[in-house]
Each structure stands twice: as structure tokens, then as C-alpha cells.
Amino acid sequence: MASFEPAFADELSVLVEWGVHHMQRLDGSAVYLRLSTRAIDQPERAMSPELAVEAAEAAMQDCRDKGYQVAVAVVDRGGNLQVLIRDRFAGAHTPNTATGKAWTAVSFRTDTSELVQSIKAGTIPQGLNSVEGVILLGGGIKVEAAGSIVGGIGV
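Here the sequence shown stands for residues 1 to 155, numbered as in our numbering.
Right, here's the structure in full:
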């Protein structure tokens with residue numbers, strides 16, 4: 001039997017996910033979670049505007065180094081735009097596409113390239129394309145800190 005005593009909500013979500021997979025394995029076992037009723041201050045998991053700018057600039061530089069002219073969007077964990085920068089020769093469509101990729105990664109809690117692969121494999125419905133705002137192209141990633149999604153970046 002595996003046992004844990006999580007103190008923070010983000011720890012609990014990771015342990016519950018691990019526990020469900022562990023119990024379903026052929027060699028799995030029971031999982032015991034001891035939960036406290038005592039209030040514990042939860043750490044804030046958020047991306048600062050300064051970090052969002054830094055992430056956008058780093059993504060832009062990486063793309064430039066590879067010879068690409070792009071737009072980069074950074075959204076917070078709610079999908080709200082924090083930073084948008086567009087290289088001078090990037091196409092007119094790139095700001096909206098980058099923002100949509102970042103929003104999609106955060107909204108579905110999955111990098112957009114993984115969503116594309118899941119659609120191809122048939123594990124999620126192709127109708128996802130029809131959801132307003134969804135951009136199903138590689139280039140959108142979720143940004144995590146200590147097991148919590150704090151934002152997303154789209155290129």
C-alpha cells in the first residue's frame with residue numbers, strides 16, 4: 001500500500017491522479033491519503049507580468065535563432081492575454097494564431113501538439129476543431145509551476 005499526507009491542493013491533485021493509475025496497474029495496490037481538516041495557507045501559483053515578458057522574449061529569440069519570424073503570445077492560467085509580441089516580418093495572421101494556441105493549451109491543460117496527435121489517433125473527437133477559439137496546431141504549450149498550470153505560450 002502507498003500512503004501520502006498532502007498539505008497543498010496542487011499536491012493532492014497530482015497524488016490522486018498518480019493513485020488512480022497506480023491502483024489500475026496489474027501490480028498496483030491500495031493508496032491511502034491522509035487529509036487534514038486544518039486550514040493551511042496555499043501558495044499562490046501565478047505567472048508575474050515580468051516573467052510573462054521574459055518568456056515571450058525568450059520564445060521570440062529561439063524562433064529567430066531558427067530562422068522563423070513569428071508572433072508570441074503568453075496567457076495566464078485563465079487564458080487571458082498577458083503579452084503579445086510580433087516580429088516585424090511575421091504574417092498578419094500570427095498574433096491571433098499564437099494567442100489561440102496559448103489559450104487552447106491552457107484551456108485543455110495539454111500542449112497543442114499532443115491534442116493534434118490525440119485527434120489523429122482518434123482518442124478525442126475531431127469536433128474539437130469547431131470549439132470557438134481553439135487552434136489545433138503545434139506551438140501552444142502550457143506553463144507549469146509546482147504541478148499547477150500558471151499560463152501558456154503560443155508561437
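Where a beta carbon is used, it is the ideal one built from N, C-alpha and C, also for glycine.
Using 10 angstroms around the beta-carbon of residue i, count the other beta-carbons present and answer buried if the total reaches 16, otherwise exposed.
i	result
M1	exposed
Q82	buried
D41	exposed
P95	buried
A55	buried
M23	exposed
A30	exposed
Looking only at C-alpha atoms, which of the options sits nearest to residue i?
i	options	result
R86	D76, S36, V70	V70
R45	F108, E11, E114	E11
I135	A59, A90, D62, L115	L115
L137	Y32, K120, R38	K120
E108	V143, K66, L15, G67	Before going on, a small fix: residue 108 reads as Phe here, not Glu. Closest option to F108, Cα to Cα, is V143.
I149	G79, G122, G28	G79
Do residue j and residue i have their beta-carbon atoms positioned less than 8 Å apart in this structure?
i	j	result
R34	E57	no
G133	G100	yes
I124	S130	no
G151	R64	no
I153	A92	no
T104	G147	no
V106	V75	yes
S3	Y32	yes
State the Cα-Cα distance for the pair residue i and residue j, rounded to the nearest angstrom.
i	j	result
A202	L26	Only positions 1 to 155 of the chain appear in this structure, which leaves residue 202 out of reach.
L84	L51	13 Å
T112	A98	11 Å
R88	V53	17 Å
T37	T110	32 Å
G67	P49	27 Å
A39	A59	39 Å
E17	A145	17 Å
L15	A90	42 Å
Spell out the partners DSSP gives residue i in its beta bridges.
i	result
L33	F4
A71	R86
I141	I153
S13	DSSP lists no partner for S13.
L26	Beta-bridge pairing links L26 to no other residue.
L81	V75
S148	A145
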